[in-house]
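Protein sequence lines, in the order shown, are assigned to chains D and X. Under my numbering, the first sequence has 190 at position 190, and the numbering climbs by one with no breaks. Under my numbering, the second sequence has 183 at position 183, and the numbering climbs by one with no breaks. For each residue, glycine too, the CB sits at the ideal point set by N, CA and C. Working notes, structure below.
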Amino acid sequence: MGMGEVKETESYRERIARRAALEVEDGMIINLGIGIPTLVADFIPADKRVMFHAENGILGTGPSPAKGEENAMLCNAGGFPVTLATGASFFDSATAFAIIRRGLLDMTILGVLEVSQNGDIANWIVPGKRVPGMGGAMELAQKAKKVMVVTTHLDKNGRSKIVRECSLPLTATKAADLIITDMAVMEVMPDGLYLREVMYPYSVADVIGATEAELKMDGEVGVFR
Amino acid sequence: MTNRFEKVVSLSEALTHFHDGMTLLAGGFGGVGNPPTLIQGILDRGVRDLTLISNDTAFPHIGIGKLVTEKRVKKVIASHIGSNPNAGAQMTAGDLEVEFCPQGILAERVRAGGVGLGGILSDVGIGTIAEKGKQKVVLDGKEYLLETPLTAEVAIVHAKKADRFGNLVFDTSARNFNPLVAMAGDITIVEADEIVEVGMIDPEEIVTPGVFVNFIVQSEGVNWQWAWEK
């Protein structure tokens, strides 16, 4: 299927993050999950001012501090030291989730184990194997205005993570709006999952062949390079 | 009755309130905001069979993660245990009971306990296994889960600054669950980095009013290495 054929300086993770960053609009309040979502911050152009929300009680996290300048008490939800952006604020966990439940997050960007063609998300438990807990993922997936999934298209056993129906316990139902993988950009619409773009050098046929979910198309499918 | 104007006690005095089989609420998030000196005291005192209510189980050698690693906990109510592999291993082995709760709902359940409410209604987790065993309530045609309040015999809190009345200020993101936990203990014990006289903290600056606090101990500081320091 061509996985790994592209030899470039940009990793697939960076390419996903670069594509995801195009969805960010000036003035947005955004929560980034751990992993590829964290990379998205690096690709947001300086003329777009955004505020990053952290579940542990910060609105306005900035980049990682220089080594030796960390404040051990000032961390993101992943437990890593951060700096503050201009206009940042601190609050308790109830307020952190008030922001989420009240619908004040314009976008959440998160990783998944599975995402289904109607937008169901599974990302918190593999029963009997990996049981980390849901953390704040249920609120984020259920309540953010726009839920963007960034993930590899296939799991490490080569199975499609984009599925007709999730087999793992759900994080939230009908939650995902846009799915960006190393192979494609897909949009969840009321009548199904639409293929919007393929990631160069994959073809539409490559993506359909690698996807367990039913992929619909209307109009031209773009190519993201 | 606690003298409301003199709540500062020695660590050993504070530790007399801990016993085997007790329920314990702990502030903190990924270890940040877990009170290090009180946790060390609980370990040294040999307290076991704890029911621990906290956002997470921190890391194996950080904060309340140590209580799990040292097998002092029989049940945990948390949103996340992924950063402490010992918690997962003990759960798989059947040695640790884990009740997962979505993070914001856990915060609200602790808050509900702390502010004297009988429960809260929320739609978070509907359509997932998080709704299992919860009563459903339909209000104005919309379905909610009834979430129950959480309190504990003792709540432990880490503050940046406390005055002798118990008015508290927190340190940046170490605030997290601490102000909620501070309200929800039958006995609330605060570990503070700095203890000052009453009147020395600007009332506008106070996050937790001292009326919720029973005892204050002087922090001896963080006694672990953070995961990012390695």
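With residue i and residue j assumed to form a contact (beta carbons below 8 Å), what rounded beta-carbon distance in angstroms separates them?
i	j	result
X:V222	X:I189	Not a contact, Cβ separation roughly 18 Å.
D:F91	D:E139	D:F91 to D:E139, Cβ: 15 Å. No contact.
X:G65	X:P102	X:G65 to X:P102, Cβ: 21 Å. No contact.
D:A144	D:M189	At roughly 18 Å, the Cβ-Cβ gap does not stay under 8 Å, so D:A144 and D:M189 are not in contact.
X:D56	X:I81	6 Å
X:F100	D:G133	5 Å
Taking the straight line between their C-alpha atoms, what separation do you get for residue i and residue j?
i	j	result
X:H158	X:V76	20 Å
D:L74	D:Q117	38 Å
D:I180	D:E25	17 Å
X:G27	D:A88	22 Å
X:G232	X:S122	Outside the shown range of chain X, which is 1 to 230, sits residue 232 of chain X, and nothing can be said about it.
X:V110	X:A162	22 Å
X:R164	X:V154	19 Å
X:H17	D:V82	36 Å
X:G118	X:L145	13 Å
D:G78	D:Y12	22 Å
X:V198	X:P179	19 Å
X:G114	X:E194	25 Å
X:H277	X:M200	Because chain X here runs from 1 to 230, residue 277 of chain X falls outside it and cannot be looked at.
X:N3	D:G128	50 Å
D:G2	X:D44	Note on D:G2: pLDDT 37, under 50, position unreliable in the model; the coordinate value appears next. Looking at the two C-alpha atoms, the distance is approximately 58 Å.
D:V223	D:E165	27 Å
D:M267	D:L195	This structure does not reach residue 267 of chain D, given that chain D is present from 1 up to 225, and the question cannot be answered.
X:P149	X:A184	9 Å
X:G63	D:A213	43 Å
X:K230	X:W224	11 Å
D:S167	D:D47	41 Å
D:L59	X:D20	39 Å
X:E205	X:V137	39 Å
X:F170	X:F177	11 Å
D:N71	D:G35	22 Å
D:A54	X:T23	28 Å
X:T51	X:T69	14 Å
X:V9	X:L67	23 Å
Assuming residue i is part of the alpha helix (DSSP H), what are its boundary residues?
i	result
X:V110	Q103 to V115
X:S12	L11 to L15
D:Q142	A137 to K143
D:N123	Careful: D:N123 lies outside any alpha helix (DSSP H) and carries neither H nor E.
X:N86	P85 to T92
D:I16	Y12 to A21
D:I36	I36 to V40
D:V204	V204 to A210
Give the interface partners of residue i over in chain X, defined as CB-CB distance under 7 Å, in chain order.
i	result
D:G133	A78, S79, H80, I81, G82 and F100
D:Q142	V124
D:P81	W228
D:E55	Q103
D:I16	Result: empty, since nearest Cβ-Cβ is about 22 Å, beyond 7 Å.
D:I227	Because chain D spans 1 through 225 in this model, residue 227 of chain D falls outside it and cannot be assessed.
Grab the span of the beta strand (DSSP E) containing residue i for me, first residue to last.
i	result
X:K161	A152 to D163
D:K146	K146 to V150
D:R196	G192 to M199
X:P225	For the sequence presented, residue 225 of chain X should be read as Gln rather than Pro. Note, X:Q225: premise wrong, no beta strand (DSSP E); not H, not E.
X:K74	V73 to A78
D:A184	A184 to M189
D:N157	Premise fails: D:N157 is in no beta strand (DSSP E) and is neither H nor E.
X:S122	I120 to S122
D:S167	Segment: none, D:S167 is in no beta strand (DSSP E) and carries neither H nor E.
X:F18	No beta strand (DSSP E) holds X:F18; DSSP gives it neither H nor E.
Which residues of chain D have a Cβ atom closer than 8 Å to the Cβ of residue i, listed in chain order?
i	result
X:P36	Simply none; closest approach about 11 Å.
X:F177	D92 and S93
X:A180	Checking the sequence, you will find Leu at residue 180 of chain X rather than Ala. D92, S93 and A94, listed in chain order.
X:R111	A94
X:M91	V131
X:V222	A72
X:E97	Correct list: empty, because the minimum Cβ distance to chain D is about 13 Å.
Going along chain X in order, which residues have a C-beta closer than 8 Å to the C-beta of residue i?
i	result
D:T171	T128
D:E246	There is simply no residue 246 of chain D to check, as chain D begins at 1 and stops at 225 in what is shown.
D:G136	S79, P102, Q103 and G104
D:F52	Residues of chain X passing the Cβ test: none, with the nearest at roughly 13 Å.
Does the beta carbon of residue i sit closer than 8 Å to a beta carbon anywhere in chain A?
i	result
X:N55	Although the question refers to chain A, the structure presented lacks it and instead comprises the protein chains D and X.
Which residues in chain D sit within 7 Å of residue i, going by Cβ to Cβ distance?
i	result
X:A174	M73
X:D171	M73
X:G88	V131
Can you pull the chain D neighbours of residue i, defined as C-beta to C-beta under 9 Å?
i	result
X:V32	N56, A72, M73, L74, C75 and G79
X:F29	E55, N56, G57, C75, A77, G79 and S93
Residues of chain X with CB closer than 9 Å to the CB of residue i, please, in chain order.
i	result
D:I29	Chain X residues near D:I29: none, gap ~16 Å exceeds 9 Å.
Start-end ranges of the alpha helix (DSSP H) lying completely within the stretch 49-111 of chain D, minimum 4 residues: 93-101
Any alpha helix (DSSP H) of 4 or more consecutive residues that is wholly inside the stretch 27-71 of chain X: 36-45 and 65-69
In chain order, which beta strand (DSSP E) runs of at least 3 residues are fully inside the stretch 161-218 of chain X? 185-196 and 215-218
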